[in-house]
Structures are given as structure tokens and as C-alpha cells.
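Numbering (my numbering) for the sequence shown: 8 to 202. One structure below.
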Amino acid sequence: MVSPDPATPATPSTAQLVAEACNRRPEAWRELTARYEGLVRAVVGSYRLQEADFADAVQNTWLRALERLHTVRDPDSLGGWLTTVARRECLALLARSRREAPTCVDEDQLVVEDPGPEAQVLAEEVRRAVAHAVTELPVKPRALVNALFSTPEPNYAEVSRQMGLPIGSIGPTRQRALRTLRCGLARLGQDACAS
8 MVSPDPATPA TPSTAQLVAE ACNRRPEAWR ELTARYEGLV RAVVGSYRLQ
58 EADFADAVQN TWLRALERLH TVRDPDSLGG WLTTVARREC LALLARSRRE
108 APTCVDEDQL VVEDPGPEAQ VLAEEVRRAV AHAVTELPVK PRALVNALFS
158 TPEPNYAEVS RQMGLPIGSI GPTRQRALRT LRCGLARLGQ DACAS
């Protein structure tokens, strides 16, 4: 049997490190964290928290250890004690995040969906450009575009009767009118509104 080298200091037990850490010896804390950091991180990692919450849970576990290390009954079982503390920290974070989720939002807290002044001005410019381009269409296509787009749900039978066009020719005539309208808008620099 090989005897231990008297020049090499023996590795302190966990119980010895806990006792020294309770006496506020920094080297004991460094050794304890070096031994158990991986365990604490593994326990916290099993909860799949967001990165910031993960870091908080690890830090809070060590903070609780600093505050309550003197309450550990069996210092040689520090790993189990730290595991329990880490789990409790994770569960506390998860419980807080559930409580922080809004359950109802007051009407005055809702985001206003009305367009802002810039959007209103741009929409008005586009509307004017389209109206101007429609006025430049030939008479029959202009009347068809006005008949089709002046009501929310145009009735092809009614448009056919008003315009004196067969129902089957309304679609192709509309396509030609819209193509001409797109070209007119493109000349006015309104490509975005033609798409």
C-alpha cells in the first residue's frame, strides 16, 4: 500500500469546508463552489429556463447557501442540500413568471390601432393618385372600375345590366382596365399602390 505524500496536503472533506465557510473563510467558499458549481448548474439546467432566469437561479442558490449554510444538518450531504435549494429557486422563478403574466388588460392599456398622421397623409396621397389615374382611363373601363370598386361586394349581374356588358366579358375587361391603371400609377410614381 502506498502511503500519502506528507508534502501534499490532504483534500479537506466537505464537512471541513462547510465548517470553514461558516467561519467566513474565502478559500473554503472557493473550494465549495468549485466542487458543486457543476451540480447546481445541472439541476437548474434541467428546468430549461431562459438564460437570464438560469443565471438568477444559480446565483440565488449560492446566495441561499451563503445565508443558510450554518443550518445544514449533515455537511457531508451538501450536494443533496444544494440540489434542493436549486430546485426551490427554479420553482420560485417559474411561479413568479406565471404570476407576472397579464390575465386581463384594461381598455386604456391597449395599443391604439388607428393609423397615425403620417399613415393618414400617405393613404390620402395614394387615394388621390388612384382617383386621378382612374379619371385618365377610357370611358368604358373607367365606368366599369367605378361600378366594381364603389361597393364592398359588387354584383356582376347588376354590373352587367348597368354597363350593358355580358357577364363573361366583365372579368377580362376589368383585367385590361386594371393593367392600364397600373401603368398610369407607375408613371405617377405610385408603384406600391398598384400591387
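Ideal Cβ placement from N, Cα and C applies to all residues, glycine included.
DSSP three-state assignment for residue i, whether helix, strand or coil
| i | result |
| --- | --- |
| tyrosine 54 | coil |
| alanine 140 | helix |
| arginine 37 | helix |
| glutamate 120 | coil |
| glutamate 162 | Reading off the sequence, residue 162 comes out as asparagine, not glutamate. Here asparagine 162 sits in coil by DSSP. |
| asparagine 67 | helix |
| leucine 188 | helix |
| alanine 79 | Here the sequence assigns valine to residue 79, which means alanine is not the residue at that position. Valine 79 falls in the coil class under three-state DSSP. |
| leucine 89 | helix |
| glycine 175 | helix |
| leucine 101 | helix |
| alanine 129 | Going by the sequence as given, residue 129 is leucine instead of alanine. Here leucine 129 sits in helix by DSSP. |
| arginine 42 | helix |
| arginine 194 | helix |
| arginine 31 | coil |
Minimum Cβ-Cβ distance from residue i to chain B less than 8 Å
| i | result |
| --- | --- |
| threonine 18 | Although the question refers to chain B, the structure presented lacks it and comprises just one protein chain. |
Start-to-end residues for the alpha helix (DSSP H) that takes in residue i
| i | result |
| --- | --- |
| serine 20 | Note, serine 20: premise wrong, no alpha helix (DSSP H); not H, not E. |
| valine 152 | 146 to 156 |
Of the residues the options, the one placed nearest residue i, counting alpha carbons only
| i | options | result |
| --- | --- | --- |
| alanine 184 | Leu151, Trp36 and Ala193 | Leu151 |
| arginine 32 | Val137, Leu73 and Leu192 | Leu73 |
| valine 65 | Val50, His77 and Trp36 | Val50 |
Distance cut-off 7 Å: residue i Cβ against heavy atoms of the ligand NAP
| i | result |
| --- | --- |
| alanine 154 | The model depicted lacks the ligand NAP and carries no ligand whatsoever. |
Expected contact under 8 Å - CB spacing of residue i and residue j to nearest Å
| i | j | result |
| --- | --- | --- |
| alanine 154 | valine 141 | Not a contact, Cβ separation roughly 12 Å. |
| glycine 86 | tyrosine 43 | 6 Å |
Worksheet item: Contact between the segment 78 to 86 and the segment 16 to 25: three or more CB pairs below 8 Å?
Response: Touching, yes.
Worksheet item: Are the segment 122 to 134 and the segment 88 to 98 touching, with three or more C-beta to C-beta distances below 8 Å?
Response: Because the criterion of three Cβ pairs below 8 Å is not met, the segment 122 to 134 and the segment 88 to 98 do not touch.
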